[in-house]
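Participant: In the working numbering, the protein residues as written are 2 to 243.
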Ligand SMILES: NC(=O)c1ccc[n+]([C@@H]2O[C@H](COP(=O)([O-])OP(=O)(O)OC[C@H]3O[C@@H](n4cnc5c(N)ncnc54)[C@H](OP(=O)(O)O)[C@@H]3O)[C@@H](O)[C@H]2O)c1
C-alpha cells in the first residue's frame with residue numbers, strides 16, 4: 002500500500018525517536034519526506050517504495066532555520082502536503098524547583114516554535130493538506146514533576162482545536178497524536194525502577210514503541226482520516242483513557 006503516494010511531507014524533528022519512526026513510515030508509504038534535525042548535514046535516502054527521506058540540518062527551535070527549510074521545500078516541490086511537528090523537550094522539575102530557564106526553554110520549543118512553524122508552513126500548504134502535532138497525555142493527567150511540560154502539551158491540544166476551525170475553509174485538517182510513555186531517547190534516562198513503575202500504570206503493561214505512534218500519525222496524515230479534524234488520538238496503552 003502507498004497511503005502517502007505523491008505527498009510531500011515535512012517532519013520537524015524527523016530523525017530518531019518518534020519523529021524518525023514517522024519519517025520512515027511515511028517514506029515507506031510513498032511520501033517524499035523532508036526531516037529536520039540539529040545533527041548532521043544534508044543526506045538523502047531512498048526507501049523500498051517510491052518514497053524518500055531527505056534530512057536537512059535545522060534547529061526546530063530557530064525560526065530562521067525553519068524559514069530556510071520551508072523556502073527550500075517550496076522551491077524544490079512547490080508545496081507541503083503533510084506537516085508533522087514532533088520536536089519537543091521534557092525535563093523533570095517539580096513546582097518549587099522550576100526556573101525561568103526551564104519554563105522558557107520548554108515553552109520556547111514545545112509551544113512557541115511549534116506555533117511559528119505551523120504559521121510559517123501555511124504559505125506552502127495547499128487544499129487537502131494535513132497538520133499532525135505531537136502532543137502528550139501529559140497534557141491531560143498532571144504527572145508530578147512535569148507541570149511545565151504538561152502545560153505545553155495542553156497548549157498544543159488547544160492550538161489543534163482552534164487551527165482545525167480556522168483552516169477548515171482552506172481544506173487543511175489539523176490533529177494531534179498524544180503518546181504515552183514511549184521507548185525513545187527521551188525515556189532512556191529513566192531508571193529501570195521508573196520504567197517499571199510507568200509500565201505498571203499502563204493497562205497494556207508496557208511502554209509504547211515509536212512505530213506505534215508513527216502508525217497513528219500516518220492515519221491522521223493520510224486520506225484514511227479525511228473526515229477527522231481537531232481530534233486527539235492517544236497512543237498510550239490506555240494509560241490516560243481508562
Ligand atoms: N517518548 C515519550 O515517552 C513521549 C511521550 C509523549 C510525548 N512525546 C513527544 O514526542 C515527541 C518526540 O519525542 P521522542 O520521545 O521521540 O524524544 P527524542 O528522541 O528525545 O526526540 C526529541 C525530538 O525533539 C528535538 N529536540 C529535542 N531538543 C531540542 C532542542 N533543544 N531544540 C530543537 N529540537 C530539539 C529532537 O531533534 P534533534 O534531531 O535536532 O535532536 C528530536 O527530533 C516530543 O514532542 C515529545 O514531547 C514523547
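We put the CB at the ideal spot given by N, CA and C, even for glycine.
With the cut-off set at 8 Å, would you say residue 234 and residue 217 are in Cβ contact?
Facilitator: Within the chain shown, numbered from 1, the residue matching residue 234 stands at position 233. Within the chain shown, numbered from 1, the residue matching residue 217 stands at position 216. Yes, these two residues count as a Cβ contact at 8 Å.
Participant: Whose C-beta lies closer than 8 Å to the C-beta of residue 39 among residues of the same chain, with five residues either side of it excluded?
Facilitator: The residue given as residue 39 occupies position 38 in the chain shown. Taken in chain order, the residues that qualify are 58, 59, 60, 61.
Participant: Based on Cα-Cα distance, which residue from 145, 155, 238, 86 lies nearest to residue 121?
Facilitator: Taking the first residue of the chain shown as position 1, residue 121 is located at position 120. Ranking 145, 155, 238, 86 by Cα distance to residue 121 puts 86 first.
Participant: Going by CA-CA distance only, name the one from 221, 194, 229, 187 that's closest to residue 209.
Facilitator: Taking the chain shown and counting its residues from 1, the one referred to as residue 209 is at position 208. Of the listed residues, the one whose Cα sits closest to residue 209 is 187.
Participant: Are the region 130 to 149 and the region 186 to 203 touching, with three or more C-beta to C-beta distances below 8 Å?
Facilitator: At 8 Å Cβ cutoff, the stretches do not touch.
Participant: Is residue 16 near ligand 1, going by C-beta to nearest heavy atom under 7 Å?
Facilitator: For this step, residue 16 is matched to residue 15 along the chain shown. It does: the Cβ of residue 16 is within 7 Å (strictly closer) of some heavy atom of ligand 1.
Participant: Enumerate in chain order the residues of its own chain whose CB-to-CB distance from residue 171 is below 7 Å, with the five nearest sequence positions on each side excluded.
Facilitator: As a working mapping, residue 171 is identified with position 170 in the chain shown. Closer than 7 Å at Cβ, skipping near neighbours: 128.
Participant: Measure from the alpha carbon of residue 164 to the alpha carbon of each residue in 241, 240, 134, 179, then state which is nearest.
Facilitator: Position 163 of the chain shown, counted from the start, is the residue given in the question as residue 164. The option with the nearest alpha carbon to residue 164 is 134.
Participant: State the start and end residues of the unbroken beta strand (DSSP E) segment that holds residue 60.
Facilitator: What you label residue 60 is simply residue 59 of the chain shown in a count that begins at 1. That residue, residue 60, is in no beta strand (DSSP E); it is neither H nor E in DSSP.
Participant: Tell me which residue opens and which closes the alpha helix (DSSP H) that residue 21 is part of.
Facilitator: The residue you call residue 21 lines up with position 20 of the chain shown. Segment 18 to 29, the alpha helix (DSSP H) holding residue 21.
Participant: Report the residue from 179, 126, 173 whose alpha carbon sits nearest the alpha carbon of residue 76.
Facilitator: Residue numbering aside, residue 76 sits at position 75 when the chain shown is read from its first letter. When each option's Cα is compared against that of residue 76, the closest is 126.
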